[in-house]
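These notes concern the structure reproduced below.
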Amino acid sequence: MRDLAAHGKEFWLHSGRQIRSIKELRDALRYVDDSIFYFHVTSQKNDFANWIRDVFEEHDLAFRINEIRGRERMIDALSTYIHQQSGGALSAKPAPKPSAQSPVLGPTTTGSSPAQVAARAEVAPFASPVTQSAPVRPGMIGNAKDEPNDQEISQILDRINKILEEEKRIEDQGKEILRKESLLERVMNTHREPIELVLKGIMMGLAISIVMIIGYTVLFT
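Quick note: the sequence shown uses the numbering used here, first residue 2, plus one each step.
The structure is reproduced here in structure tokens:
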């Protein structure tokens with residue numbers, strides 16, 4: 002069994018961790034997140050099986066784990082293979098858990114270098130194309146909404162004309178009221194003296210009648 006992958010044939014996990022041997026792969030799978038594992042193992046592909054077949058030429062092992070879709074079963078299969086190759090001397094020391102701050106890189110294939118992985122990360126399958134809109138010149142925003150069309154202008158002018166007509170009608174009514182008040186005042190001033198004379202005559206007649214009634218009463222009592 003080839004212990005280490007040749008330079009440039011390392012396997013790069015989607016988390017950014019480098020794998021150089023089957024044992025390192027087994028140890029890494031013990032701690033890797035499910036999202037990372039299932040990034041490399043789907044119903045259509047198994048990146049781990051392809052890497053083992055192409056780099057280490059372990060076709061039997063690659064065939065076995067190619068049918069596996071669960072992480073624990075894959076770890077067991079790799080552990081069995083390592084145990085058989087080492088004559089039963091398995092290393093009990095697990096690999097260190099990758100840092101949570103490891104950079105997230107894109108999908109890899111056999112023989113990918115770190116630079117290639119970083120380049121593919123920029124076009125990860127979850128990224129969607131971005132369409133850049135045309136630049137908007139200053140002063141154009143809102144012009145289509147702010148500028149009224151001919152129909153709106155006509156409606157505005159009609160409302161203004163109606164307001165002016167209503168104001169003129171109210172003004173004319175005010176002038177008519179003032180004219181009638183002035184006329185009434187002149188009429189009152191013109192007939193004030195005759196009315197006063199009539200009232201005085203009536204009062205004098207009533208006074209004379211009262212005096213005569215009193216006189217007759219005294220004479221015939």
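Ideal Cβ placement from N, Cα and C applies to all residues, glycine included.
I'd like the list of long-range same chain contacts for K24, defined as Cβ closer than 6 Å, with 5 residues on each side in sequence excluded. Taken in chain order, the residues that qualify are I83.
Below 7 Å, is the gap between the Cβ of E168 and the nearest heavy atom of the ligand ADP? In terms of ligand content, the structure shown is empty, and the ligand ADP therefore cannot be addressed.
Closest to N47 by C-alpha separation, out of I66, D35, D34 and D55, would be which residue? Measuring from the Cα of N47, the nearest candidate turns out to be I66.
Under the assumption that R21 contacts L5 (Cβ atoms under 8 Å), give the Cβ distance between them as a whole number of angstroms. About 5 Å separates the beta carbons of R21 and L5, which is inside the 8 Å limit, making them a contact pair.
Rounding to the nearest angstrom, what Cα-Cα distance links L14 and Q85 in this structure? Approximately 25 Å, taken between the alpha carbons.
Mapping the DSSP letters down to three states, classify D61 as helix, strand or coil. Three-state result, D61: helix.
Put N190 into one of helix, strand or coil per three-state DSSP. Of the three classes helix, strand and coil, the one that applies to N190 here is helix, per DSSP.
Rounded to a whole number of angstroms, what is the C-alpha to C-alpha distance between Q152 and T191? C-alpha separation (whole angstroms): 59 Å.
For A63 and A78, believed in contact at Cβ under 8 Å, the rounded distance: Not confirmed; about 11 Å, so no contact.
Burial state of I209, where buried means 16 or more other Cβ atoms lie within 10 Å: So I209 counts as exposed.
Sorted by chain position, which residues of the same chain lie with C-beta nearer than 6 Å to F38's C-beta, five sequence neighbours on each side aside? Residues R72 of the same chain have their beta carbon placed closer than 6 Å to that of F38, with the five preceding and five following residues left out of the count.
Would you kindly work out how many angstroms separate the C-alpha atoms of V56 and E11, rounded to a whole number? Just so you know, the alpha carbons of V56 and E11 end up roughly 9 Å apart.
Delimiting residues of the alpha helix (DSSP H) encompassing H84: Its alpha helix (DSSP H) spans residues R72 to Q86.
DSSP on I37, reduced to helix/strand/coil? The answer is helix: DSSP assigns I37 an H, G or I state.
Please state whether DSSP places I20 in a helix, a strand or coil. Collapsing the DSSP output to three states places I20 in a strand.
Assuming contact is defined by CB atoms lying nearer than 8 Å, are V33 and R70 in contact in what I supplied? Against a cut-off of 8 Å, the Cβ pair of R70 and V33 comes out as no contact.
By alpha-carbon positions, which one of Q45, T81, Q19 and A7 ends up nearest to E58? It is A7.
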